[in-house]
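Please read the structure below before turning to the comments.
There are 2 protein chains.
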Amino acid sequence: MEAVVRYAAENHDRFLEELKDLIRIPSISSSTEHKDDVDRCAHFVKEIMLGIGLESAEVWQTDGHPIVYGECLGAPEKPTVLIYGHYDVQPVDPLDLWETPPFEPSIRNGRMYGRGSVDDKGQVHIHLKAVQSWLKGIGTLPINLKFLIEGEEEVGSKNLNVFLIDNQKMLAADVVLISDTSMLQKGVPSICCGLRGLAYFQIDLRGSKQDLHSGSFGGAVKNPIHALTEIVNQLKDEKGRIAIPGFYDDVVDLVPGDREALAQLPFDEEDYRKEIGAAKLYGEEGFSVLENLWCRPTLDVCGIWGGFTGEGSKTVIPAEAHAKVSIRLVSHQDPETVAALFEDYVSKIAPPEVEVSVQRMHGGLPFLADTSHPAFEASVRALKKGFDSDVVFIREGGSIPFVQ
Amino acid sequence: MEAVVRYAAENHDRFLEELKDLIRIPSISSSTEHKDDVDRCAHFVKEIMLGIGLESAEVWQTDGHPIVYGECLGAPEKPTVLIYGHYDVQPVDPLDLWETPPFEPSIRNGRMYGRGSVDDKGQVHIHLKAVQSWLKGIGTLPINLKFLIEGEEEVGSKNLNVFLIDNQKMLAADVVLISDTSMLQKGVPSICCGLRGLAYFQIDLRGSKQDLHSGSFGGAVKNPIHALTEIVNQLKDEKGRIAIPGFYDDVVDLVPGDREALAQLPFDEEDYRKEIGAAKLYGEEGFSVLENLWCRPTLDVCGIWGGFTGEGSKTVIPAEAHAKVSIRLVSHQDPETVAALFEDYVSKIAPPEVEVSVQRMHGGLPFLADTSHPAFEASVRALKKGFDSDVVFIREGGSIPFVQ
Numbered sequence: 000m001e002a003v004v005r006y007a008a009e010n011h012d013r014f015l016e017e018l019k020d021l022i023r024i025p026s027i028s029s030s031t032e033h034k035d036d037v038d039r040c041a042h043f044v045k046e047i048m049l050g051i052g053l054e055s056a057e058v059w060q061t062d063g064h065p066i067v068y069g070e071c072l073g074a075p076e077k078p079t080v081l082i083y084g085h086y087d088v089q090p091v092d093p094l095d096l097w098e099t100p101p102f103e104p105s106i107r108n109g110r111m112y113g114r115g116s117v118d119d120k121g122q123v124h125i126h127l128k129a130v131q132s133w134l135k136g137i138g139t140l141p142i143n144l145k146f147l148i149e150g151e152e153e154v155g156s157k158n159l160n161v162f163l164i165d166n167q168k169m170l171a172a173d174v175v176l177i178s179d180t181s182m183l184q185k186g187v188p189s190i191c192c193g194l195r196g197l198a199y200f201q202i203d204l205r206g207s208k209q210d211l212h213s214g215s216f217g218g219a220v221k222n223p224i225h226a227l228t229e230i231v232n233q234l235k236d237e238k239g240r241i242a243i244p245g246f247y248d249d250v251v252d253l254v255p256g257d258r259e260a261l262a263q264l265p266f267d268e269e270d271y272r273k274e275i276g277a278a279k280l281y282g283e284e285g286f287s288v289l290e291n292l293w294c295r296p297t298l299d300v301c302g303i304w305g306g307f308t309g310e311g312s313k314t315v316i317p318a319e320a321h322a323k324v325s326i327r328l329v330s331h332q333d334p335e336t337v338a339a340l341f342e343d344y345v346s347k348i349a350p351p352e353v354e355v356s357v358q359r360m361h362g363g364l365p366f367l368a369d370t371s372h373p374a375f376e377a378s379v380r381a382l383k384k385g386f387d388s389d390v391v392f393i394r395e396g397g398s399i400p401f402v403q
Numbered sequence: 000m001e002a003v004v005r006y007a008a009e010n011h012d013r014f015l016e017e018l019k020d021l022i023r024i025p026s027i028s029s030s031t032e033h034k035d036d037v038d039r040c041a042h043f044v045k046e047i048m049l050g051i052g053l054e055s056a057e058v059w060q061t062d063g064h065p066i067v068y069g070e071c072l073g074a075p076e077k078p079t080v081l082i083y084g085h086y087d088v089q090p091v092d093p094l095d096l097w098e099t100p101p102f103e104p105s106i107r108n109g110r111m112y113g114r115g116s117v118d119d120k121g122q123v124h125i126h127l128k129a130v131q132s133w134l135k136g137i138g139t140l141p142i143n144l145k146f147l148i149e150g151e152e153e154v155g156s157k158n159l160n161v162f163l164i165d166n167q168k169m170l171a172a173d174v175v176l177i178s179d180t181s182m183l184q185k186g187v188p189s190i191c192c193g194l195r196g197l198a199y200f201q202i203d204l205r206g207s208k209q210d211l212h213s214g215s216f217g218g219a220v221k222n223p224i225h226a227l228t229e230i231v232n233q234l235k236d237e238k239g240r241i242a243i244p245g246f247y248d249d250v251v252d253l254v255p256g257d258r259e260a261l262a263q264l265p266f267d268e269e270d271y272r273k274e275i276g277a278a279k280l281y282g283e284e285g286f287s288v289l290e291n292l293w294c295r296p297t298l299d300v301c302g303i304w305g306g307f308t309g310e311g312s313k314t315v316i317p318a319e320a321h322a323k324v325s326i327r328l329v330s331h332q333d334p335e336t337v338a339a340l341f342e343d344y345v346s347k348i349a350p351p352e353v354e355v356s357v358q359r360m361h362g363g364l365p366f367l368a369d370t371s372h373p374a375f376e377a378s379v380r381a382l383k384k385g386f387d388s389d390v391v392f393i394r395e396g397g398s399i400p401f402v403q
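These protein sequences, in sequence, are chains A and B.
Note that the first sequence covers residues 0 to 403 in numbering that gives the first Met the number 0.
Note that the second sequence covers residues 0 to 403 in numbering that gives the first Met the number 0.
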């Protein structure tokens, strides 16, 4: 083990330079313009895998961007860990807000700046370099490892599921490890054990067959914008609870142990508020900020539109109004069940003067790990040793498409 | 008088052709592309005035589009009537919804189709041709007449006020006559004696310094779209009354006589509903549709926007949300007083988690004529004779900038 740490320490600067090379590839998965770069990045990751000494590594084509798979199975009888990560990155606009160019990584105040450095090339790189340090320092790994590094995480992992189904045997593992969330604070080793799920809708309302003049018709018709605001206002009650009947039936309640663990995390609500730039924080009554972010379902209108939205004034009662609604789910809620409840409720509360319809846009399952699994104990031990600091369990309010 | 009617009847077809010539000029006042057409139209109207025998007619330049003024003051000791109208027209988009081109007037089923035929070239033309029939048929007018035909009614009569102030003496009249509203029904001679005023606002809300992810931040911040829908919902109560404190203080109540007169008008709510294409009509409780349209103030959100409004789903809690609000006023409400009440109320009901501001965009005074004035009696007599039908008094829910 000493040899492993020594190899990592001796090669620290080289590892950093190699990470920069990985970040320099503009592997923006949402951009057709960067398709070749995404492809190039997949092959670059494969070469890293072979270079560090994995037994095999391969680029798998999909209907979208390629998946890189590599493995090192030299520890019979030992557990197998599948490490998931992604090599694609988000778009970089607006460019003028970057202090240094996104694909020319630079280190300032001990942090590396560059697109993908924390999402998710940095994490992928750390895992690979840890394996390299083992293989070069000692020559073998204490467990079996599989790497699945995809190129479509930022665009919804559209082609991943087919790959998972087609390659179940190859991918079989005792534990799946994902490093694609944040640490609670710098220096605080954090294990994320829960993600929220998602149900996303669009509400469409129609009041009349065409736009009407607000002078000539104001007073005789229900304005669909007003109908929409009435619907939105009935989606949550005055305590911030989602008002859809039956919505909380499958929600796993927070137990005292959970709440104490969350309360003990180093998290300052006032610092958080300042970072967001909000005048005041707001959430479901009776729950702390972290409880609301991680363990409670939430509902947000992500977009609303109707009528005249340009400069100046136009006196119109629009024929239509629309809203997009994101509902974050927690265990054991199911997006399909929630979608049915949502549709029923919206049609029930819609004023009779308007026609209403609901489109189901997107869904994803929540996830909550059973932290009594021995893999968690091993992770805590390893992180504690590495960081020389207590390990915390955290959750994440968003979703990762791979996790189901 | 017989000679007047005979002249009009004999020249009916020629008058129609002349109206078509007037409508053929695309005098769209909002379009810089059509500036020359607007100018040409002003001179065309002046030539009509001189052609029918007015003593004088002139095109007056303004900072915007020109005003045409003409007069015939050959009846000393008799009252003077100022006839107001406008020769500019609205834009014509979308063109594919026109059955025949907007500037190639065509007659179908006894109606003339062409931009401006009922707003307001047709009405202006009728007045001028009536004068022509008097002057050609008899040689003199029984009263003094002044014509003020402007070219900016469709863009808010921006330069009219300066002209009115600068030419008070020239424009002085006992009665002002405007033909720029509709008849209640075909064949029902209608005198419009009231217009609603207007106060128009934009509400701007900010919740955080930048857009946030609905997964990572949902549950900890007040979404400004939700804050906005809460504000909108408190602008009216469950009876459809405007909930701004003090808002109704200056409203002239409907008296039993008014209500009876409105109730006796030939107006079918079901036909009206079908024309609009609404599932159900809606208005302030305790008032008929016409009462709500003409005699009661109303409030409509004319536009609302915030967050992601494109195709598909984006999981965002937007930093901002906005709405445009049109309030229609009735006598004796004042737009400035209402603006102050509106601003106070919105800032009072805005949730503490968001920053709110109100922009004043536009205002206009309501108008209600005193129908005991002898001009109304004369108008009723004339219309009754011309149409051989009872005359009705109506109001209009919109505004005409000239009327103050």
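Glycine is no exception: its CB is placed at the ideal position from the N, C-alpha and C atoms.
Residue i burial status per 10 Å Cβ neighbour count (16 or more: buried)
i: P334 of chain B; result: buried
i: S215 of chain A; result: buried
i: I106 of chain B; result: exposed
i: I164 of chain A; result: exposed
i: R195 of chain B; result: buried
i: R13 of chain A; result: exposed
i: N143 of chain A; result: buried
i: Q403 of chain A; result: exposed
i: D0 of chain B; result: For the record, residue 0 of chain B in the displayed sequence is Met; it is not Asp. Classification of M0 of chain B: exposed, given that the 10 Å Cβ count is below 16.
i: T228 of chain A; result: buried
i: P75 of chain B; result: exposed
i: P373 of chain A; result: exposed
i: P407 of chain B; result: Because chain B is modelled from 0 through 403, residue 407 of chain B falls outside the range shown and cannot be assessed.
i: D270 of chain A; result: exposed
Close-in-space but distant-in-sequence residues of the same chain around residue i (CB under 6 Å, 5 per side omitted)
i: E354 of chain B; result: R205
i: V379 of chain B; result: V390
i: M111 of chain A; result: P104
Neighbouring residues, chain A, relative to residue i (Cβ below 7 Å)
i: T228 of chain B; result: T228, V231, N232
i: Y247 of chain B; result: Result: empty, since nearest Cβ-Cβ is about 14 Å, beyond 7 Å.
i: I224 of chain B; result: V300, I303
i: T297 of chain B; result: G217, G218
Other residues of its chain near residue i: CB distance less than 7 Å, five sequence neighbours each side excluded
i: K313 of chain A; result: F307
i: R240 of chain A; result: E283
i: L170 of chain B; result: L81, K145, L147, L163
Residues that residue i contacts on chain B, provided the C-beta gap is smaller than 8 Å
i: Y199 of chain A; result: S312, T314
i: N291 of chain A; result: G218, A219
i: L211 of chain A; result: I275
Contact list for residue i against chain A, beta-carbon separation under 8 Å
i: Y281 of chain B; result: A219, V220, K221, P350, E352
i: S215 of chain B; result: L292, E395, G396, G397
Rounded C-alpha distance that separates residue i from residue j
i: G193 of chain B; j: I399 of chain B; result: 10 Å
i: S388 of chain B; j: G84 of chain B; result: 25 Å
i: G113 of chain A; j: L18 of chain A; result: 10 Å
i: P466 of chain A; j: F401 of chain A; result: Residue 466 of chain A lies beyond the range of chain A shown here (0 to 403); nothing can be said about it.
i: P188 of chain A; j: P265 of chain A; result: 12 Å
i: Y247 of chain B; j: M182 of chain A; result: 57 Å
i: D203 of chain B; j: N166 of chain B; result: 41 Å
i: L140 of chain B; j: D236 of chain B; result: 54 Å
i: V174 of chain A; j: F375 of chain A; result: 10 Å
i: S287 of chain B; j: R272 of chain B; result: 13 Å
i: K34 of chain A; j: L289 of chain A; result: 38 Å
i: S132 of chain A; j: C71 of chain A; result: 14 Å
Cβ-based neighbour list, residue i, same chain, cut-off 8 Å, excluding 5 preceding and 5 following
i: E57 of chain A; result: K45, V67, Y68, G69
Cross-chain neighbours of residue i in chain B, by beta carbon under 9 Å
i: M360 of chain A; result: G311, S312
i: Q288 of chain A; result: Checking the displayed sequence, the identity of residue 288 of chain A turns out to be Val instead of Gln. Within 9 Å Cβ-Cβ: G218, A219.
Neighbouring residues, chain B, relative to residue i (Cβ below 7 Å)
i: F307 of chain A; result: C301, G302, K323
heavy atom of the ligand SAH below 7 Å from residue i C-beta
i: Y247 of chain A; result: Only the bare structure without any ligand can be found here, which leaves the ligand SAH out of the picture.
Using a Cβ-Cβ cut-off of less than 9 Å, list which residues of the segment 28-50 of chain A approach chain B; keep chain order.
none
Please list, in chain order, the residues of the segment 176-193 of chain A that have any C-beta partner in chain B closer than 8 Å.
none
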